[in-house]
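Worksheet: one structure, shown below.
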Amino acid sequence: MSTITLTINGQQVTVPAGSTILKAAEKLGVFIPTLCHHPQLTAVASCRICVVEVTFKGRKKLVPACMTGAQDGMEVETESAAVVESRRTILELLLANHPQDCLTCGQNGDCRLQDYAFRYNVPGAGFSGERHAYKIEDDNPFIIRDMNKCILCGRCVRMCAEIQGDGVIDFAHRGFNTKISTAMDLPLSKSECVFCGNCAAVCPVGALQEKGLRSSARTWEVKKVKTICPYCGTGCSIELNVKDGRVVGVTSCDGEVNGPALCVKGRFGYGFIHHPDRLTTPLIKKNGRFVEASWEETISLVAEKLTGIKNDHGPDALAVLSSARCTNEENYLLQKFTRAVLGTNNIDHCARL
Amino acid sequence: MPTCCCQNNAVDDRQKALQRALSKYQNTKGALIPLLQEAQEIYGYLPGEVMQYLSKELKIPFSKVYGVATFYAQFHLQPRGRNVIRVCTGTACHVKGAGGILQSIQESLGIKSGETTADLRYTLETVACLGACGLAPAMMVNNDTYGRLTPAETLQVLKQYK
Amino acid sequence: MKNLAGKYKKIICVCSGGCTSSGSGKVLAGLQAAAAEKGLAGKVLVRPVGCHGFCQQGPIVTVEPEKIFYTRVTEADVPDILEALETNRPVERLLYVDPTSGKPVVTYDQIPFYSRQQKLVLEKCGCINPENIEDYLDQGGYKALKKVLSTMTPQEVVDEVKNSGLRGRGGAGFPTGIKWQGALSAKIKDKRYVICNADEGDPGAFMDRSVLEGDPHSVLEGMAICGFATGSHEGYIYVRAEYPLAIKRLKIAIAQAEEYGLLGDNILNSGFNFHIKIKAGAGAFVCGEGTALMASIEGSRGMPRFKTARSTEKGLWGKPTTLNNVETFANIPVIINKGSRWYSSIGTEKSTGTKIFSLTGKVVNTGLVEVPMGVTLRRIIFDIGGGIQNNKKFKAVQAGGPSGGCIPADYLDLPVDYDSLDEVGAMMGSGGLVVLDETTCMVDLARFFLKFTQQESCGKCTPCREGTKRMLEILTRICEGKGTPKDIDDLERLSRVISSTSLCGLGKSAPNPVLSTLKYFRSEYEAHINDKRCPAGVCSNLLVYTIDAAKCTGCGACARACPAGAISGEKKQPHAIDAGLCIKCGSCLQKCKFGAVVKK
C-alpha cells in the first residue's frame, strides 16, 4: 500500500494513502477537537471545530482535519493563532445559542462543548442575541430531548439512518432555524422511534440524554463496569453505570459485536436489577406455597424429577426449550445436556417460535 | 392514500392526479422534489398525509421528506391564499423603496409577510429577487410581474385579484 | 438581422422578456391583431422577442430592418406604429430622447446605451422569437454543434475552449476548458453528466434569465457541445422556480430541438446522443453552489457537501459532472463558430470575451449590458448607464451580489475583470452591478446583504449558520444607534473566521459586503456608533427632524400631516418638532413647501 508523509506541528508522520489529517494526527498523538466527527459514521465536516492550518503547494488555508486527505509534503499546524481564533469563535457562537446551565445539566462532566470551552478558555457566549426557545421534550420514559442544547452536529441523524437503519430524525428547516426533527416535528413518542437511544449515545452535548442515568448521578460519580448484555444471544458489550453499589444506567462502549449501538432493552431495560419483585433465590412450591430454597436443594430436586420422568415414561417424554437470553455457549451446553444426558432430541429455542 | 372524511369528487380527483404524477416518476432518480412540486400544485400546499404517502411510495423516510419540504422556500405546509403576492426585496428594489410597498400591502390586508388572509384571498410573501431589477420596485401576483410600483398602484393591482 | 428581406418586408419585434411586467403582452397582442386586420400578414411579421436589455425604457418595440427603436410603448400606440410602417416616418413621441442633446434618436445603434456595448452572447436576444427554433437556425444557430459533430474530436473541442481563455461566468471564474478536460479525462466512464446552473439567485442579477428567455437554444447548443466534448449523454438544467417563463421557453426549445434532430438520439446522424432534462429549483439560493445544486437534483436538502474530489471526477450521483452556468454555455457556440483565436482577442489577457452585467440601482439607464472584459466601471456606469439618477453623486457600485463587495468612486477607472475585482475586495459574481448614490447608507446596505445570506444559509456548518446571524444582529444594532466600538472588532473577527472556516462558497463569501464597506466606508460605521448619526440619512432611528425657524411660515401643513402629533406652533409662527414624539416618518418633510423641515 502506498504511503504519505506529512508534517504535523513540525513532526513528520507517515500514514497510508487516503488517510485524513485527523487520522495522521491521531497516529502522532496530537489532539484535534471534533464534534460532528464519529469514527463509525459518514464524515460531513460541518461543525468546523477541527479546522487546522495547512500549508500546501505554497498556499496556506484552514481546512477541516476530519475530511481533508493527507498529502505528501503537507505542513499542518493544529494550534496556530488562526486555528485557535477560529475554534474560540466557533465555541463562542455555539455557546451564544446554548443554555449555560451546566450546574444542573445531566451531561456536566461528559460534554465536548464544556471540554473544549475549558481547553480554549472560552468563558461563555461571546455574542448576545436571539436564542432558540424550544420546549424540552420529556414525555417518554427513556430520552430527554432538549433541542436548545443541540449544536446541529447531526451525529444522531446519521446514527439513526446509518446504523439503526430507521431514519426517524433528520434536519428540518434551514439556516439559524435548522432543527433536528422527526417527520412533522412530532415528539419522539409520537414518531416511529423505537427508543434504542443510540442517538443519545453519540450526542456530544446534553441535547439527548438518557433520562434515568442522567437524573440519578453526576457523570463523575458512576463507575463503569463493562459486561455483556443479558437480554439476548447477540452478546452486545455494555457498560453498567454503577453508583453506590446500584446500577443507575447502561451505556454502550464500542463493543466488538455491536459497535456503539444497543437496543431499547439493553440500554434502558435495566430496571429489573434492583426491582423488589426480582427473584434472588430459587423457590420450591411446598404445600401450595413457594418457599425459598438453596441451590443444592433445588438442583437435586430438578435432577430427581427429570430422572423419574425419564425412567417412567422414556426420554422422549422430556422436552427442553432454551432461551434467547442465553449466550451461544449456554445454548450449546443445553442442547448437549438434552441429547447426551436426557437422551432426547426434543430441544428447541424460543427465538424460533 | 390520504383520505378526507367528506369523500367528495374533488378529493378523488386530487388523489388520482397524485397517483398519475407518481407513475410518471416511477424509477426516476431524484423524484422527491418534482413530486413535492406536483403535489403542491394539486393540493395547493403539502398536507402531512400527502408527504407521508409519498414517503411510503418512494421508500424515503418520512423525516427526510419533511426535511426537504421545510428546506425549500417554495414548499408550504399550510393552506395558501388563492392569490400569492410576492414582493421583491432584492437589492435594486430595496434601494428603490420596496419597504414602502410591502408596508402598504401589510397595512391594507392586515397580514404580515408569510401570512394568509382569513378569507384565503391573499397570501403575502417577500422574495429575495425576482430578476426584474430594471423595473424596481417589483412584485409578482401569481405568475404576473408588476414593476415600477408605488404604494397606491400596488393596492390598485391587488384589487384585480379576487 | 439576416435572412429578413426574403420573407417579410418588416419585422416588428416586441420585447417579451422583462417588459411583460410593464405590459408588453398587450402591446404584442394589439399589434398582431391590428396587423392581421389591416391585411399585413405575409408582409409584416409581429414577433415576440427576448430582452432587449434597456429595461429602463420598456416595453420596447423595434422595427427591422430599419432598427427603429420605440420606448415605453402602450397598447394605445399600436395604430400609430403600424401607420408609420406605411409612411416610413417613425412615431416621434415613442423615440428615445438623448438626455444630453434632448433630441430624439431613431435607431438603436445610435443610442449610446447600445452603441457602446459589444453583444456576442446577447446578439440574438431581442431579435429572434425564442419560441421558434427557425429563427435561431436563421441566425446561424446549431452551426457550431454541426461543426463539432462532423469535424472535431472531443479533445479538439476541449482544446478550443481552453485556448479561448473562457472562464466560468457564474462567479469564481474557473477556466472552462480546464474543467472540461477534467471531465474528459475522468476515470469513471460509464456515466457522466452535464449540468447547466440556471439558479441565478443573486439579488440584482438577471442576465441568465434574459438569455434563457430570449435565446434558449444558445444554451442548449452549448450544453450539447459540452456533452460531446466530455463524453456525456445526459444534461440537466437547474432553473430557479421563480423563473416560470424561462422554464416554459426552455421546454419549448428542447421539444423543438428534439423534433429537428438537434437533441436526443443520434444527433444529426452522428451517432452522438444527448438528452436534456429540466429540474426546477424549489427556492433556495444556496443551490447555486455546485454541490448543493447536485444534492438538490438528487432529491435532498440543498446542503453543500465537503468535496474530497472535483465534481468533474465525482459529481452528480458520484459520476463525473461538468457544471457551468447559463452565460458560460451561451459563449460556447460563439467560440466554436468564430474560433478561439478570435474570441481570445476580445477582453483582457486573463479574462477573455465579453461579460453581461445587469446594471441596476440609482443609475439612469438600468438594464442588461454586454461589454468586453476589461472595460472600466466608469464606461459601464457613466457612458453606457448614463450616470446617476437625479444628478446625485456616485458613491459606490456593489458588484457580485451577496458574495461581492462595494467599490468606491476611487476605483471607477478599474478595468472590470475577474482579478481586478478580487483585488479590491469585490468579485465578478454573476455580474450584478448595483449603483449606489450619496443617499445609500453603507451600513444599511451591509445589513441588507447579511440579512439575505443569513436567510439563505443552509444551516449545515457552524460559522455560517450562527456567525451570519450574529453579524446581522450587530449590524442591526449599529443601524439602530445601539452600536458600540467593540462591534466593529467583533464584525472583523467574525468576518475572518466565517470566511476562512465555512464549508461552502456562500459562507466563505458572506462577510464580503461587510469587509468591503468597512474597508472603504469605515467612517460611516463610526458615525453610526460614536455620533449616533447616519450620514446618508437612511437609518431612521438616527435621524432627527427639525424645523428651520427662519424658513418656516407657520402654515401648519406639517402639523396636519404629522401622524404622531409631534409638531406644534401658533398660526403664522415658526413651528417646532417634539423629538420625543417624532416617529421619523418624513411626512412633514414631504409636505413642507418652503424647505423648512430639515432631516439630519
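Residue numbers (my numbering), protein chains in the order written: chain A, 1 to 353; chain B, 354 to 515; chain C, 516 to 1115. In this text, a Cβ means the ideal position worked out from N, Cα and C, and glycines have one as well. The structure displayed is predicted, hence computed values, not measured ones.
Distance from the CA of threonine 691 of chain C to the CA of threonine 381 of chain B, rounded to the nearest whole angstrom, comes to 30 angstroms. Its chain contains Leu321 as the residues whose beta carbon lies nearer than 6 angstroms to that of aspartate 348 of chain A, once the 5 sequence neighbours on both sides are disregarded; these appear in chain order. Cysteine 976 of chain C is positioned such that its CB atom lies no closer than 8 angstroms to that of leucine 927 of chain C.
Of A:Thr7, A:His173, A:Ser252, A:Phe56, the smallest CA-CA separation from methionine 818 of chain C is found for A:His173. Under the Cβ criterion of 8 angstroms, glutamine 1088 of chain C is not counted among the residues facing chain B.
For the pair of segments examined, the stretch 886-898 of chain C was found to touch the stretch 852-872 of chain C: the number of CB pairs separated by less than 8 angstroms reaches three.
For phenylalanine 721 of chain C, the C-beta contacts it makes with chain B under 9 angstroms involve Cys482, Leu483, Gly484, Ala485, Cys486, Gly487, in order along the chain. Secondary structure note for asparagine 839 of chain C: its beta strand (DSSP E) is the uninterrupted segment 836-840. Using a CB distance cut-off of 8 angstroms, valine 1012 of chain C counts as an interface residue toward chain A. Secondary structure at histidine 790 of chain C: strand, using DSSP grouped into helix, strand and coil. Classified as exposed, aspartate 254 of chain A has fewer than 16 neighbouring CB atoms from the shown chains inside 10 Å of its CB.
The alpha-carbon of glycine 106 of chain A is positioned some 7 angstroms away from that of threonine 219 of chain A. Interface annotation for the stretch 391-423 of chain B against chain A: Gly401, Met404, Gln405, Ser408, Pro414, Phe415, Ser416, Lys417, Val418, Tyr419, Gly420, Thr423, criterion Cβ-Cβ distance under 8 angstroms.
Inside the stretch 50-74 of chain A, DSSP marks no whole alpha helix (DSSP H) run of 4 or more residues. Separation of alanine 161 of chain A and threonine 307 of chain A (C-alpha to C-alpha, rounded to the nearest whole angstrom) is 53 angstroms. In the structure shown, glutamate 210 of chain A adopts extended strand secondary structure according to DSSP, grouped into three states.
Beta bridge pairing from DSSP links glutamate 828 of chain C with no other residue.
Per the coordinates, the alpha-carbon of asparagine 198 of chain A lies some 31 angstroms from the alpha-carbon of serine 86 of chain A. Put simply, the backbone Cα of lysine 1099 of chain C is about 15 angstroms away from that of alanine 1051 of chain C. Chain A has a Cβ within less than 8 angstroms of the Cβ of glutamate 988 of chain C. Spatial neighbours of serine 323 of chain A in its own chain (CB-CB distance under 7 angstroms, excluding positions within 5 residues in sequence) are listed in chain order as Cys350. The C-alpha of alanine 1025 of chain C is placed about 18 angstroms away from the C-alpha of tyrosine 933 of chain C.
Taking a Cβ-Cβ threshold of 7 angstroms, the residues of chain A close to glycine 982 of chain C are Leu93, in chain order. Exposure of lysine 135 of chain A is indicated by the presence of fewer than 16 other C-beta atoms within 10 angstroms of its C-beta. Shown here, glycine 688 of chain C sits in coil according to DSSP, grouped into three states, outside any helix or strand.
Two segments are said to touch when three or more pairs of C-beta atoms, one from each, lie closer than 8 angstroms; by this definition the stretch 444-458 of chain B touches the stretch 490-510 of chain B. Nearest Cα to lysine 1115 of chain C within the set C:Gly944, C:Val1053, C:Arg985: C:Val1053. Within chain A, the residues whose beta carbon sits less than 8 angstroms from that of serine 972 of chain C are Arg174, Gly175, Phe176, listed in sequence order. A straight-line Cα-Cα distance of about 8 angstroms links lysine 792 of chain C and glutamate 749 of chain C.
Less than 8 angstroms separates the beta-carbon of lysine 702 of chain C from that of glutamate 828 of chain C. Ranking C:Ser630, C:Phe1036, C:Lys1066, C:Thr666 by CA distance to the CA of phenylalanine 1109 of chain C puts C:Lys1066 first.
For lysine 61 of chain A and alanine 82 of chain A, the gap between their C-alpha atoms comes out near 9 angstroms.
Looking at the DSSP output, aspartate 348 of chain A bridges to A:Leu321. Residues of the stretch 446-471 of chain B whose Cβ lies closer than 7 angstroms to any Cβ of chain C, in chain order: His447, Val448.
Taking a C-beta distance under 8 angstroms as the contact criterion, phenylalanine 721 of chain C and cysteine 486 of chain B qualify as a contact pair. Against chain A, the beta carbon of proline 835 of chain C has no neighbour under 9 angstroms; the closest one sits roughly 19 angstroms away.
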